[in-house]
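J.:
Number of protein chains: 2
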Amino acid sequence: MEVDQNPRVLQQKLKALKKTGKSVGLVPTMGFLHEGHLSLVRQARRENDVVAVSIFVNPIQFGPKEDLASYPRDFERDAALLEAEGVDFIFAPEVADMYPEGYGTYVDVEGEVTGRLCGASRPGHFRGVATVVSKLFNIVAPERAYFGSKDAQQVAVIRRMASDLNFDFEIVACPIVREADGLALSSRNVYLSESKRQDALVLSQSLFMAREMIEAGERSAFAVRDAISERIRQVPSAEVDYIEVVDAFSLEPLETLSGTVLIALAVKVGKPRLIDNLQIEVK
Amino acid sequence: MEVDQNPRVLQQKLKALKKTGKSVGLVPTMGFLHEGHLSLVRQARRENDVVAVSIFVNPIQFGPKEDLASYPRDFERDAALLEAEGVDFIFAPEVADMYPEGYGTYVDVEGEVTGRLCGASRPGHFRGVATVVSKLFNIVAPERAYFGSKDAQQVAVIRRMASDLNFDFEIVACPIVREADGLALSSRNVYLSESKRQDALVLSQSLFMAREMIEAGERSAFAVRDAISERIRQVPSAEVDYIEVVDAFSLEPLETLSGTVLIALAVKVGKPRLIDNLQIEVK
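Going down the list, the protein sequences come from chains A and B.
For what it's worth, the working numbering labels the leading residue of the first sequence as 228, then goes sequentially.
For what it's worth, the working numbering labels the leading residue of the second sequence as 228, then goes sequentially.
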């Protein structure tokens with residue numbers, strides 16, 4: 228396994244490998260890896276000759292009042308985990324490698340896909356995501372890029388961007404990985420105290436409840452949303468940022484459930500803001 | 228020579244060719260080709276195994292009051308010229324091929340490089356340019372891309388974007404091609420009446436005068452700018468949009484001339500707005 232910090236160096240190494248016919252899979256991460264990330268790495272490992280994992284806490288996707296400075300990091304542990312998964316390249320640039328002096332180019336994804344959900348409560352967030360992912364796409368030029376479905380809106384934004392800008396490769400969205408009790412894995416779970424961790428189960432539990440309602444025949448988005456809201460209100464430390472019931476591809480809000488439905492939550496549980504979601508096919 | 232309208236079809240054809248080790252040169256144009264374009268095509272032909280020329284009047288780089296509807300077009304003539312130059316692929320998409328229903332991604336280049344000159348008088352113009360060029364770069368994935376130096380700021384913006392977004396290929400800027408009397412070739416010259424065409428010579432003549440001043444020792448940007456302004460004022464039909472004396476790479480305004488200096492003009496001569504520039508090494 229090689230560790231590269233310089234974009235140009237990694238780009239040229241991968242270019243040489245691709246000339247020999249090797250396929251490359253990219254797993255972009257912000258590090259502090261958990262089983263969710265590792266599930267992406269394993270799928271990339273199965274489907275490609277060469278696997279590159281980027282570890283970069285991208286400053287431009289954090290708002291001024293967000294947790295950039297305190298975002299958890301542990302490069303040594305991450306590197307050991309990736310080595311054990313048979314990863315070929317870690318790309319670990321510093322901020323100045325990605326955004327050198329004079330940097331000025333940003334990728335904006337406009338419309339429904341960024342206007343709601345996290346796009347509404349985190350202005351500039353998806354501009355930061357789309358920009359860094361464009362850069363990673365050009366540096367690695369993968370055959371396939373792997374993203375976790377926990378960030379469902381991020382997947383929708385990246386699909387939109389990749390299609391709009393004619394990037395020529397496959398975007399693979401992998402299922403959410405959960406703890407045994409249902410909590411979706413997140414690097415930010417480390418912020419949770421033992422009691423808040425218990426409170427945080429309300430995200431997944433309210434989603435599972437919504438799934439049961441829909442499986443029992445409920446087709447009103449309002450009714451589903453309302454039941455989730457009611458369920459979360461029972462946990463005093465939980466403060467809803469949004470509860471959205473939308474089309475999974477366009478992220479347009481639904482009134483009547485049909486097609487591929489995404490139910491997405493963002494909830495502050497004490498200090499950390501957690502997200503979770505459920506995707507369900509409705510006939 | 229093949230003509231493709233569908234981005235995906237061209238992308239896959241070129242991908243197959245690149246897999247056999249062929250290098251690809253891209254010449255992006257808005258059609259209505261003149262000797263300036265053909266000089267780019269000839270250089271691309273000399274330097275690459277495969278040459279692709281795009282012909283696309285990109286609507287998103289035109290402002291609401293600009294000449295999108297009347298922009299001159301003649302595909303049959305363009306195709307014949309390119310066939311004669313030994314071009315391999317013409318990429319001629321329709322607007323809906325490039326910006327299908329639901330399109331929402333734009334590339335913004337911020338800072339000095341877009342804030343002044345044409346960026347100031349044509350808001351949104353370089354966003355349109357950077358977006359379409361990003362798309363063309365991804366569709367064609369060339370080894371080299373060729374641009375005319377008449378659009379000096381466009382070259383600076385594209386260099387900035389390509390470097391910022393880690394595009395992995397060479398941006399080649401080719402010299403301005405002029406008529407015998409000095410008029411820089413432009414598809415928009417077709418708008419000029421015989422008398423206005425004569426008036427339009429003031430752009431190149433004032434630039435040549437500036438070059439003589441600098442060669443004779445003038446180092447004050449203000450003096451050069453003032454002399455150009457005075458010279459243009461002698462032509463009643465000519466209305467200055469801007470006269471800028473800047474660093475050729477950063478486009479930052481200069482007080483004292485040194486390094487690679489760009490003198491750039493935009494002047495309305497009757498209806499059409501014409502641009503011209505001079506790049507000069509100053510010790």
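For each residue, glycine too, the CB sits at the ideal point set by N, CA and C.
Treat the numbers as computed from the prediction; the structure is a model and nothing was measured.
#1: Taking 8 Å as the cut-off, decide whether the C-beta atoms of Asp391 (chain A) and Gly331 (chain B) are in contact.
#2: Any Cβ of chain B within less than 8 Å of the Cβ of Ile490 (chain A)?
#3: Residues of chain A with CB under 9 Å from Ser242 (chain B), in chain order?
#4: Using the Cα positions of Ser413 (chain B) and Arg354 (chain A), report the straight-line distance between them to the nearest angstrom.
#5: Alpha carbon to alpha carbon, how far is Met436 (chain A) from Gln288 (chain A)? Give it in angstroms, no decimals.
#6: Listed from N- to C-terminal order along the chain, which residues in the segment 419 to 437 of chain B have their beta-carbon within a distance smaller than 8 Å of any beta-carbon of chain A?
#7: Which chain B residues sit within Cβ distance under 9 Å of Met388 (chain A)?
#8: Could you say if the segment 482 to 498 of chain A and the segment 414 to 421 of chain A meet the contact criterion of at least three C-beta pairs nearer than 8 Å?
#9: Assuming contact is defined by CB atoms lying nearer than 8 Å, are Gly409 (chain A) and Ser376 (chain A) in contact in what I supplied?
#10: Per DSSP, what are the beta-bridge partners of Ser281 (chain A) in this structure?
#11: For Val334 (chain A), does the count of other Cβ atoms within 10 angstroms reach 16, so buried, or fall short, so exposed?
#12: Asn393 (chain B) and Asn365 (chain A) - do their beta-carbons sit closer together than 8 Å?
#13: Do Ala493 (chain B) and Asp468 (chain B) come within 8 Å of each other at the CB atom, strictly closer than that value?
#14: So within the segment 287 to 374 of chain A, which uninterrupted alpha helix (DSSP H) runs reach at least 4 residues, ignoring any that extend past its ends?
#15: Whose C-alpha, out of A:Ala296, A:Val473, A:Ser250, is nearest the C-alpha of Ala368 (chain A)?
#16: Would a C-beta distance cut-off of 8 Å place Arg371 (chain A) and Glu406 (chain A) closer than the cut-off?
#17: Indicate whether at least one CB of chain A lies closer than 8 Å to the CB of Ile366 (chain B).
#18: Anything in chain A within Cβ reach of Asp335 (chain B), meaning under 9 Å, just list it in chain order.
#19: On a CA-only basis, which of A:Asp305, A:Ala454, A:Asp315 is nearest Arg273 (chain A)? Give me that one, please.
#20: Compare the C-beta of Pro291 (chain A) against all C-beta atoms of chain B and say whether one is closer than 8 Å.
#21: Could you run through the segment 237 to 270 of chain B and flag, in chain order, every residue whose CB is less than 9 Å away from some CB of chain A?
#22: Interface residues of chain B around Ser361 (chain A) at Cβ under 7 Å?
#23: How should Glu229 (chain A) be labelled, buried or exposed, when 16 other C-beta atoms within 10 angstroms of its C-beta is the threshold for buried?
#24: Using a cut-off of 7 Å between C-beta atoms, extract the partners of Val340 (chain B) located in chain A.
#25: Locate the alpha helix (DSSP H) running through Gly263 (chain A), then write down its first and last residues.
#26: May I ask you to report which of helix, strand or coil DSSP gives Lys249 (chain B)?
#27: If you run the structure through DSSP and keep just helix, strand and coil, what is Ala407 (chain B)?
#28: Where does the unbroken beta strand (DSSP E) through Arg500 (chain A) begin, and where does it stop?
#29: Which chain B residues sit within Cβ distance under 9 Å of Pro234 (chain A)?
#30: Could you give the distance in angstroms between the alpha-carbon of Val473 (chain A) and the alpha-carbon of Leu505 (chain B)?
#31: Could you give the first and the last residue of the continuous beta strand (DSSP E) run that contains Lys495 (chain B)?
#32: So, is Glu471 (chain A) buried or exposed, given that buried needs 16 or more other C-beta atoms within 10 angstroms?
#33: Which parts of the segment 392 to 475 of chain B are runs of the beta strand (DSSP E), unbroken and 3 residues or longer, counting only runs that do not cross its ends?
#34: Mind reading off the beta-carbon distance from Lys362 (chain B) to Met388 (chain B)? Whole number of angstroms is fine, and I expect it under 8 Å.
#35: Under the rule that 16 or more other beta-carbon atoms within 10 Å means buried, what is Gln238 (chain A), buried or exposed?
T.: The short version:
#1: Along the first sequence, one-based indexing puts residue 391 (chain A) at 164. Along the second sequence, one-based indexing puts residue 331 (chain B) at 104. Going by C-beta atoms, Asp391 (chain A) is nearer than 8 Å to Gly331 (chain B).
#2: Position 263 of the first sequence, counting from 1, holds the residue named residue 490 (chain A). Not one chain B Cβ lies under 8 Å of Ile490 (chain A).
#3: Start at 1 with the first residue of the second sequence, and residue 242 (chain B) comes out as number 15. The sequence shown places Lys at residue 242 (chain B), not Ser. Those within 9 Å of Lys242 (chain B) in chain A are Asp395.
#4: In the second sequence, the residue the question calls residue 413 (chain B) occupies position 186. In the first sequence, the residue the question calls residue 354 (chain A) occupies position 127. Looking at the two C-alpha atoms, the distance is approximately 36 Å.
#5: Here residue 288 (chain A) is taken as the residue at index 61 of the first sequence, counted from 1. Here residue 436 (chain A) is taken as the residue at index 209 of the first sequence, counted from 1. Roughly 32 Å separates the two Cα atoms.
#6: none
#7: Position 161 of the first sequence holds residue 388 (chain A). Simply Gly331, Thr332.
#8: yes
#9: For this step, residue 409 (chain A) is matched to residue 182 along the first sequence. For this step, residue 376 (chain A) is matched to residue 149 along the first sequence. Contact: no.
#10: Stepping through the first sequence from its first residue, residue 281 (chain A) is reached at position 54. For Ser281 (chain A), which the question treats as bridged, DSSP gives the partners A:Pro255, A:Phe318.
#11: Position 107 of the first sequence holds residue 334 (chain A). It is buried - the Cβ of Val334 (chain A) has at least 16 other Cβ atoms within 10 Å.
#12: Walking along the first sequence from the start, residue 365 (chain A) turns up at place 138. Walking along the second sequence from the start, residue 393 (chain B) turns up at place 166. Yes, they are a contact pair.
#13: Counting from one through the second sequence, the residue named residue 468 (chain B) turns up at place 241. Counting from one through the second sequence, the residue named residue 493 (chain B) turns up at place 266. Yes, the pair counts as a contact, with Cβ atoms nearer than the cut-off.
#14: 302 to 311, 322 to 325, 339 to 342, 345 to 348, 352 to 367
#15: Residue numbering aside, residue 368 (chain A) sits at position 141 when the first sequence is read from its first letter. Out of A:Ala296, A:Val473, A:Ser250, A:Ser250 has the C-alpha closest to the C-alpha of Ala368 (chain A).
#16: As a position in the first sequence, residue 371 (chain A) is number 144, starting the count at 1. As a position in the first sequence, residue 406 (chain A) is number 179, starting the count at 1. No. Outside cutoff.
#17: For this step, residue 366 (chain B) is matched to residue 139 along the second sequence. It does: the Cβ of Ile366 (chain B) has a partner Cβ on chain A nearer than 8 Å.
#18: Taking the second sequence and counting its residues from 1, the one referred to as residue 335 (chain B) is at position 108. Residues of chain A passing the Cβ test: Gly331, Thr332, Tyr333, Val334, Asp335, Arg354.
#19: Position 46 of the first sequence, counting from 1, holds the residue named residue 273 (chain A). Measuring from the Cα of Arg273 (chain A), the nearest candidate turns out to be A:Asp315.
#20: Locating residue 291 (chain A) in the first sequence gives position 64, where the first residue counts as 1. No, no contact with chain B.
#21: Gln238, Gln239, Lys242, Lys246, Gly248
#22: The sequence position of residue 361 (chain A) within the first sequence is 134, counting from 1. Correct list: Leu392.
#23: Residue 229 (chain A) sits at position 2 when you count from the first residue of the first sequence. Label assigned to Glu229 (chain A): exposed.
#24: Within the second sequence, residue 340 (chain B) is the residue found at index 113, counting from 1. Gly331, listed in chain order.
#25: Indexing the first sequence from 1 puts residue 263 (chain A) at position 36. Residues 262 to 274.
#26: For the purposes of this step, residue 249 (chain B) is identified with residue 22 of the second sequence, where counting begins at 1. Coil at Lys249 (chain B), not helix or strand.
#27: Taking the second sequence and counting its residues from 1, the one referred to as residue 407 (chain B) is at position 180. DSSP places Ala407 (chain B) in coil when its eight states are reduced to three.
#28: As a working note, residue 500 (chain A) is residue 273 in the first sequence. It spans 500 to 509 - the beta strand (DSSP E) in which Arg500 (chain A) sits, taken as one unbroken run.
#29: Taking the first residue of the first sequence as position 1, residue 234 (chain A) is located at position 7. Ordered by position in chain B, the residues that pass the 9 Å Cβ test against Pro234 (chain A) are Asn393.
#30: One-based indexing of the first sequence puts residue 473 (chain A) at position 246. One-based indexing of the second sequence puts residue 505 (chain B) at position 278. Near 54 Å, if we compare the C-alpha coordinates of Leu505 (chain B) and Val473 (chain A).
#31: To locate residue 495 (chain B), count along the second sequence from 1; it is residue 268. Taken as a continuous stretch (DSSP letters only), the beta strand (DSSP E) holding Lys495 (chain B) covers 486 to 496.
#32: Translated into positions along the first sequence, residue 471 (chain A) becomes position 244. Its Cβ being crowded by 16 or more others within 10 Å, Glu471 (chain A) is buried.
#33: 397 to 401, 465 to 474
#34: Sequence index remark: in the second sequence, residue 362 (chain B) carries index 135 (1-based). Sequence index remark: in the second sequence, residue 388 (chain B) carries index 161 (1-based). Rounded, the Cβ-Cβ distance is 12 Å, inconsistent with contact.
#35: Stepping through the first sequence from its first residue, residue 238 (chain A) is reached at position 11. That one is buried.
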